[in-house]
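Enquirer: Protein chains in written order, with this note's numbering: chain A, 61 to 380; chain B, -19 to 631. Built from N, CA and C at the ideal position, the CB exists for glycine as well. These figures come from a predicted structure and were not determined experimentally. Got a structure here, written out as structure tokens. Questions coming.
Here is the structure:
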């Protein structure tokens, strides 16, 4: 990755004079996940980090920077969020410069911390084929990808270099990890309705309503006008009950149906480790069935729930 | 807020399976309900008087009526409230008839459900606002789609009533199916003699613009302000120049063109005027048959045309007409009998449809009114008529009765005898359906005076035999098989929805049934209205109809359009969407989902915001579902009103 990083830094240095800001990653307070870095001066370029700890999807910062010329460093999955923002005209293509990267997997800080026992002393992380190597105080510790990587990496489609303005590294083939670990969605689908409700009641009773999931979501465009905190309309009340908390998750899932690229920011941000992306994945599956559509692929498409067609190809209304 | 609740018995319709008194008692427990009672018929004069009185006595400022569907009486009760001095939108209806008493038999469960529906209505009403209707200008013009007898009647009545009328007809001439008929039942008067003058009236009426050979391309707008784009198909003839002299047809060398007007039993020329009484009497070219248009050579018509009207380079033209109301009168098409193998599936030349037979009977038809077999031109002697071909047959997806075939078959047997006194008609029928003025007498005359032999039963097979046809069937009254040798077999093909009816319904945004017939607003009380304001129905497009009924509906639809457009302005429905600018983040999702183009993006203090064009908004609510932060709200159906109803039910 060292050469990719040098390539990236060179590209950013070259582009920086024409940009107001470039968003990248740098070493943060947590040794298992790098923090965002907003580069406005060339001196900052040296601080850029690029390794499997660059888990955060930085695309969510773009709508807030609208009107400015912004560069963004993006993994293949992050680019899908950018595509979605472009589709919805929440950002302007001519104002955004995408620095694409060839990613081989991103660490899930929570499970990595659990596997390692602590994040202290982690100096480096490398992915080598079937194993992930953490260098802890100079000692290598090996784990299987299923133990320490983000679950989305197992469905990685690679990077579409064509959508990027610059691309560092080999061009975008997805990593091969073999069988993915069982997902929450698969576990839920094996349950009956009663069990599913109990599952969510248990999960949601732990929710502290911090709305980090919403704030982290790159597609949550409402932010300060979120239906969760509004009285007019009054969709969610303040009762401390799983019902209201699940209601918010349902609203979030519906608002992102057919838009959510399953970047995983909601779950990554959740301090309670709740599987809140599961609802979005379930809806996306329906969107795929009904509209044959996947979010974040083609900047020129419109998400199916954002257009009105008198006749839908796969909904045979007249044959009901 | 003081809310009054009125629970209607609807005679025994509701009270039979709902304890209305208990529902009223339960309603008294709901928040802000100060008065609740049950009433025998809430919609009746004394029922409404009771509501008015209670509004005064209990100082009510909102009313819930638990009764039938709002489709039935919402307007009635809103007027009641207005009479009592309340705003018409301070009213809610709980449907405890269609949604409760008619669908459930368990009285205890029904009563509980009725009470819950009333609870929901009360909670919604508590959040209702006093909405005020605005006003908008209207176009005092009507478009009539379809120039058959129903459309002609509608167009003439509207035009006589002072409205400007645009009549759109798909074929080169108006007249529709009736213009193809020889005689009409039950008086056996000449069809073109009674229709012809009406057609001429259409051509000459100063208020009528006729677009023949034209189809509706798209419909925008709403009641009072429709914009209809009409595709005027290329006739390859400049109709302003064409005098209808017919020189072109006389010289056209392409003489073997299938004749649509004559139901393909005769031949015509590539350029033609479909029939002598055609309106407009203008020539048009069949592009598939024209030698010049298919092979690039010929042009004989252009050489002989005295006014130089031929335009081989003519293209379809789109014209947009602004109208306040639309009357759909698109009629019907004939069932394709070739689906039936037992009648030869179209392989036997002398097994023809009743409409083809009608053209044989007609003096202006291909045989000049002499009955001749299509195969050899011989005069038939024994003629078998088979009824219900494509009617009342579930197996081919046509379970309905076309309704007029019994009558036209009887007429055709009478005409057959008139034309050929030595002939013998046989009619295979299922039941005789002749419930009209002088109709049953007419069918009896066919049997008793004209000697048509009626055989109650179906035909199982038609087989060629020595140049004739052996018709095998059952006589179910005598309980035996019958075989009749016939020279000609006439099939009473049923009616089906006109080709393209479904597509037109989608453009007009009106409902249609599984067969493609347009759905009336109410099967009894709104027979010519649709559920789309300003769109009316006339004739067979709503369901198969004979001429008297079609004419009556044409007149009825015209009366509806005239009364709608008698006002100078229409009241706009305030139940439309509105955007709270403070909440709107200008993401534009509402704009992209709006089916009516009723949302525009504006700039407000430098920020993009959505704005509703209230006269265009139809209140469908799609934007409110798309708006993630709930900035777009449908008035009278806000998120909070719906949530209050859900909470009343679920919490």
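In chain order, what residues of the same chain have a beta carbon less than 7 angstroms from the beta carbon of residue 327 of chain A, not counting five sequence neighbours either side?
Expert: Taking the first residue of the first chain as position 1, residue 327 of chain A is located at position 267. Closer than 7 angstroms at the Cβ level, and outside the excluded window around residue 327 of chain A, lie 335, 336 and 337.
Enquirer: Spell out whether any CB of chain B is found under 8 angstroms from the CB atom of residue 321 of chain A.
Expert: Position 261 of the first chain, counted from the start, is the residue given in the question as residue 321 of chain A. No, no contact with chain B.
Enquirer: If you draw a straight line from the C-alpha of residue -4 of chain B to the C-alpha of residue 377 of chain B, how long is it?
Expert: Here residue -4 of chain B is taken as the residue at index 16 of the second chain, counted from 1. Here residue 377 of chain B is taken as the residue at index 397 of the second chain, counted from 1. Computed Cα separation, rounded: 37 angstroms.
Enquirer: Any C-beta of chain A within less than 8 angstroms: which residues of the region 613 to 629 of chain B qualify?
Expert: If the cut-off is 8 angstroms between Cβ atoms, the region 613 to 629 of chain B has 613, 618, 619, 620 and 623 near chain A.
Enquirer: If you drop the 5 nearest sequence neighbours on each side, which residues of the same chain put their C-beta closer than 8 angstroms to that of residue 230 of chain A?
Expert: In the first chain, the residue the question calls residue 230 of chain A occupies position 170. Within the same chain, residue 230 of chain A has close Cβ partners 162.
Enquirer: Shortest alpha-carbon distance to residue 519 of chain B belongs to which of B/128, B/464 and B/160?
Expert: As a working note, residue 519 of chain B is residue 539 in the second chain. Measuring from the Cα of residue 519 of chain B, the nearest candidate turns out to be B/128.
Enquirer: What's the C-alpha gap between residue 312 of chain B and residue 254 of chain B?
Expert: Position 332 of the second chain, counted from the start, is the residue given in the question as residue 312 of chain B. Position 274 of the second chain, counted from the start, is the residue given in the question as residue 254 of chain B. The alpha-carbon atoms of residue 312 of chain B and residue 254 of chain B are separated by roughly 19 angstroms.
Enquirer: Using Cβ-Cβ distances below 8 angstroms, what residues of the region 591 to 611 of chain B are close to chain A?
Expert: Listed by position, the residues of the region 591 to 611 of chain B near chain A (Cβ gap below 8 angstroms) are 602, 606, 608, 609, 610 and 611.
Enquirer: For residue 182 of chain A and residue 586 of chain B, I'd like the C-alpha separation in whole angstroms.
Expert: In the first chain, residue 182 of chain A corresponds to position 122, counting from 1. In the second chain, residue 586 of chain B corresponds to position 606, counting from 1. One C-alpha to the other measures close to 48 angstroms.
Enquirer: Can you give me the start and stop residues for the alpha helix (DSSP H) that residue 635 of chain B sits inside?
Expert: Absent from the structure is residue 635 of chain B, since the part of chain B shown begins at -19 and ends at 631.
Enquirer: Of the residues that make up the region 558 to 575 of chain B, which ones have a beta carbon closer than 9 angstroms to any beta carbon in chain A?
Expert: Here the close residues are 560, 562, 563, 564, 565, 567, 568, 569, 572, 573, 574 and 575.
Enquirer: Would the region 67 to 83 of chain B and the region 122 to 137 of chain B be scored as touching if the rule is three or more Cβ pairs under 8 angstroms?
Expert: The region 67 to 83 of chain B vs the region 122 to 137 of chain B: no contact.
Enquirer: Given 8 angstroms as the limit, is there contact between the region 128 to 143 of chain B and the region 227 to 244 of chain B, that is, 3 or more CB pairs closer than that?
Expert: The region 128 to 143 of chain B, when compared against the region 227 to 244 of chain B, does not touch it at the 8 angstroms Cβ threshold.
Enquirer: Step through the CB atoms of chain B and report whether any lies within less than 8 angstroms of the CB of residue 350 of chain A.
Expert: Here the question's residue 350 of chain A lines up with position 290 in the first chain. No - not a single Cβ of chain B is within 8 angstroms of the one on residue 350 of chain A.
Enquirer: Is there a Cβ from chain B that is less than 8 angstroms from the Cβ of residue 362 of chain A?
Expert: Along the first chain, read from residue 1 onward, the residue named residue 362 of chain A stands at position 302. So, interface residue.
Enquirer: Give, in chain order, every residue of the region 273 to 304 of chain A whose Cβ lies closer than 7 angstroms to some Cβ of chain B.
Expert: Answer set for the region 273 to 304 of chain A: 281, 282, 285, 286, 287, 290, 292, 293, 294 and 295.
Enquirer: In chain A, which residues lie with their C-beta within 7 angstroms of the C-beta of residue 486 of chain B?
Expert: Along the second chain, read from residue 1 onward, the residue named residue 486 of chain B stands at position 506. Going along chain A in sequence order, the residues near residue 486 of chain B (Cβ under 7 angstroms) are 370.
Enquirer: Could you run through the region 128 to 150 of chain A and flag, in chain order, every residue whose CB is less than 8 angstroms away from some CB of chain B?
Expert: Hits within the stretch, in order: 148, 149 and 150.
Enquirer: Can you tell me where the alpha helix (DSSP H) with residue 349 of chain A in it begins and where it stops?
Expert: Within the first chain, residue 349 of chain A is the residue found at index 289, counting from 1. It spans 337 to 351 - the alpha helix (DSSP H) in which residue 349 of chain A sits, taken as one unbroken run.
Enquirer: Answer yes or no: does any C-beta atom of chain B fall closer than 8 angstroms to that of residue 366 of chain A?
Expert: Here residue 366 of chain A corresponds to residue number 306 of the first chain, with the count starting at 1. Yes - at least one Cβ of chain B is within 8 angstroms of the one on residue 366 of chain A.
Enquirer: Just how far apart, CA to CA, sit residue 177 of chain A and residue 332 of chain A?
Expert: Along the first chain, one-based indexing puts residue 177 of chain A at 117. Along the first chain, one-based indexing puts residue 332 of chain A at 272. One C-alpha to the other measures close to 18 angstroms.
Enquirer: Residue 232 of chain A: buried (16+ other C-beta within 10 angstroms of its C-beta) or exposed?
Expert: As a position in the first chain, residue 232 of chain A is number 172, starting the count at 1. The residue in question, residue 232 of chain A, is buried, as its Cβ has 16 or more Cβ neighbours within 10 Å.
Enquirer: Using a beta-carbon distance below 8 angstroms, is residue 315 of chain A in contact with chain B?
Expert: If you number the first chain from 1, residue 315 of chain A lands on position 255. At least one chain B Cβ lies under 8 angstroms of residue 315 of chain A.
Enquirer: Cα separation between residue 96 of chain B and residue 22 of chain B?
Expert: If you number the second chain from 1, residue 96 of chain B lands on position 116. If you number the second chain from 1, residue 22 of chain B lands on position 42. If you take the alpha carbons of residue 96 of chain B and residue 22 of chain B, they lie about 19 angstroms apart.
Enquirer: Once the 5 residues before and after residue 95 of chain A are set aside, which same chain residues still bring their CB inside 8 angstroms of it?
Expert: Numbered from 1 along the first chain, position 35 holds the residue referred to as residue 95 of chain A. Only 85, 86, 87, 88, 89 and 116 meet the Cβ criterion.
Enquirer: Please classify residue 38 of chain B as buried or exposed, where buried requires at least 16 other C-beta atoms within 10 Å of its C-beta.
Expert: Reading the second chain from its first residue, position 58 is the one you call residue 38 of chain B. It counts as exposed.
Enquirer: What did DSSP end up calling residue 396 of chain B once you bin it into helix, strand or coil?
Expert: Here the question's residue 396 of chain B lines up with position 416 in the second chain. Residue state, collapsed to three classes: helix.
Enquirer: Check whether the region 155 to 173 of chain A and the region 127 to 142 of chain A touch, using three or more Cβ-Cβ pairs below 8 angstroms as the test.
Expert: These segments touch.
Enquirer: Taking only three categories from DSSP, how would you classify residue 152 of chain A?
Expert: Residue 152 of chain A sits at position 92 when you count from the first residue of the first chain. Residue 152 of chain A falls in the coil class under three-state DSSP.
Enquirer: Of the choices B/516, B/28 and B/439, whose alpha-carbon is the least far from that of residue 541 of chain B?
Expert: For the purposes of this step, residue 541 of chain B is taken as residue 561 along the second chain, with counting starting at 1. Nearest option by C-alpha distance: B/516.
Enquirer: Do you know whose CA, among B/578, B/619 and B/361, lies nearest residue 393 of chain B's CA?
Expert: Position 413 of the second chain, counting from 1, holds the residue named residue 393 of chain B. When each option's Cα is compared against that of residue 393 of chain B, the closest is B/361.
Enquirer: Taking C-beta to C-beta, are residue 340 of chain A and residue 322 of chain A nearer than 8 angstroms?
Expert: Residue mapping note: residue 340 of chain A aligns to position 280 of the first chain, counting from 1. Residue mapping note: residue 322 of chain A aligns to position 262 of the first chain, counting from 1. It is a contact, given that the beta carbons lie within the stated cut-off.
Enquirer: Using DSSP with H/G/I as helix, E/B as strand and the rest coil, what is residue 116 of chain B?
Expert: Taking the first residue of the second chain as position 1, residue 116 of chain B is located at position 136. The answer is strand: DSSP assigns residue 116 of chain B an E or B state.
Enquirer: Going residue by residue through the region 412 to 463 of chain B, where are the continuous alpha helix (DSSP H) segments of at least 4 residues, counting only ones entirely within it?
Expert: Whole alpha helix (DSSP H) segments, 4+ residues: 419 to 428.
Enquirer: Let's see if you can read the secondary structure: which residues bound the alpha helix (DSSP H) around residue 254 of chain A?
Expert: Here the question's residue 254 of chain A lines up with position 194 in the first chain. First-last of the alpha helix (DSSP H) with residue 254 of chain A: 253 to 265.
Enquirer: Measuring straight from C-alpha to C-alpha, what distance separates residue 268 of chain A and residue 330 of chain A?
Expert: Numbered from its first residue, the first chain carries residue 268 of chain A at position 208. Numbered from its first residue, the first chain carries residue 330 of chain A at position 270. Looking at the two C-alpha atoms, the distance is approximately 10 angstroms.
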